[in-house]
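K.L.:
Would you mind keeping the following structure in view while I ask a few things?
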Amino acid sequence: MAQSNPASVIRFLHVIENLKRTKRTGWLDNGIKGAESIADHMHRMGIMAMLVNDPSINRERCIKMAIVHDLAEAVVGDITPHAGVSKADKFAMEKGAMDGFKESLGNTEMANEIVDLWQEYEDAKTPEALFVKDLDKFEMIVQALEYEKSDDKDLQGFFDSTQGKFEHPTVKAWAEELYKERKEMKEGDTI
């Protein structure tokens, strides 16, 4: 099995370091101090994927997909739906970044796996991709609740944008529990 050139790997690692430094746009737009990075988001999604026991999905594939699903943002940044960039343009930019990674890593089996996982996530047709899409939305609202607590903010828009959108039964159950926790927190604030 061919390996990527060590110098190419180091260059790739330097590029994806941007994921650790780039704060998520939605939080910045809402005035969150100390907003999470893209890497923070992807890491917790990977942990979430580890917590699911569902024999109908390939858990290892989901974990890998979670940790690569936003990899292109190391190059293009965190483009939100409110950025004025069409879905087609965003996809083209991100695909270009992923193709660049594959080329720079020497088109190896490992590089192809990374790009294939990203593409599978984008296509959103497999059970694994749909599950990871659920995790993406769920991780966002977990973080929203945490920021509501720590920054004393009302981030209702994040909850509204995901309401009724979860498909996987485990993620639905997690979301219901999170909504319950949030409701209790809000009711406690009014007493």
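Residues in the sequence shown are numbered consecutively from 303, following the working numbering. No residue lacks a Cβ here, since even glycine has one placed at the ideal position from N, Cα and C.
1. Apply the 10 Å Cβ neighbour rule to residue 331 and answer buried if 16 or more other Cβ atoms are within range, or exposed otherwise.
2. Quick test of your reading: residue 410 and residue 306, contact by CB under 8 Å. State the CB separation rounded to the nearest angstrom.
3. Would DSSP call residue 325 helix, strand or coil?
4. With distances taken Cα to Cα, identify the nearest neighbour of residue 424 among 442, 452, 389 and 450.
5. Would you decide whether residue 487 is buried or exposed? Buried here means 16 or more other CB atoms lie within 10 Å of its CB.
6. With the cut-off set at 8 Å, would you say residue 417 and residue 395 are in Cβ contact?
7. Take the Cβ of residue 435 as the centre, count every other Cβ of all protein chains shown within 10 Å, and call the residue buried at 16 or more, exposed below.
8. Between which residues of its own chain and residue 382 is the CB-CB distance below 6 Å, once the five residues before and five after are set aside?
9. Should the region 307 to 316 be regarded as contacting the region 356 to 372, the criterion being three or more beta carbon pairs within less than 8 Å?
10. Tell me, which residues are paired with residue 339 by DSSP?
11. Restricting to Cα atoms, I'd like to know which of 402, 441 and 385 is closest to residue 377.
12. Count the other CB atoms within 10 Å of the CB of residue 352; is the residue buried (16 or more) or exposed (fewer)?
13. Buried or exposed, going by whether 16 or more other CB atoms sit within 10 Å of the CB of residue 438?
14. For residue 473, which residues from the same chain have a beta carbon less than 6 Å from its beta carbon, with the 5 sequence-adjacent residues on both sides left out?
15. For the alpha helix (DSSP H) holding residue 414, just list the boundary residues, first then last.
P.N.:
In this structure, then:
1. To locate residue 331, count along the sequence shown from 1; it is residue 29. Looking at its Cβ environment, which holds fewer than 16 other Cβ atoms inside 10 Å, residue 331 is exposed.
2. Counting from 1 along the sequence shown, the entry for residue 410 is found at position 108. Counting from 1 along the sequence shown, the entry for residue 306 is found at position 4. The pair is a contact, with the Cβ atoms about 5 Å apart (cut-off 8 Å).
3. The residue you call residue 325 lines up with position 23 of the sequence shown. In the three-state reduction of the DSSP assignment, residue 325 falls in the strand class, which pools E and B.
4. Numbered from its first residue, the sequence shown carries residue 424 at position 122. Measuring from the Cα of residue 424, the nearest candidate turns out to be 389.
5. Taking the sequence shown and counting its residues from 1, one reaches residue 487 at position 185. So residue 487 counts as exposed.
6. Numbered from 1 along the sequence shown, position 115 holds the residue referred to as residue 417. Numbered from 1 along the sequence shown, position 93 holds the residue referred to as residue 395. No.
7. Within the sequence shown, numbered from 1, the residue matching residue 435 stands at position 133. Around the beta carbon of residue 435, 16 or more other beta carbons sit within 10 angstroms, so the residue counts as buried.
8. In the sequence shown, the residue the question calls residue 382 occupies position 80. Excluding residues up to 5 positions away in sequence, 327 and 328 lie with their Cβ nearer than 6 Å to the Cβ of residue 382 in the same chain.
9. With fewer than three CB-CB distances shorter than 8 Å, the region 307 to 316 does not count as touching the region 356 to 372.
10. Counting from 1 along the sequence shown, the entry for residue 339 is found at position 37. For residue 339, the beta-bridge partners assigned by DSSP are 325.
11. Taking the sequence shown and counting its residues from 1, one reaches residue 377 at position 75. Per the Cα distances, 402.
12. In the sequence shown, residue 352 corresponds to position 50, counting from 1. Residue 352 comes out exposed.
13. Residue 438 sits at position 136 when you count from the first residue of the sequence shown. Under a 10 Å Cβ-count criterion, residue 438 is classified as buried, with 16 or more other Cβ atoms of the shown protein chains found around its own Cβ.
14. Looking up residue 473 in the sequence shown gives position 171. Closer than 6 Å at Cβ, skipping near neighbours: 436 and 440.
15. Position 112 of the sequence shown, counted from the start, is the residue given in the question as residue 414. Here the alpha helix (DSSP H) through residue 414 covers 411 to 425.
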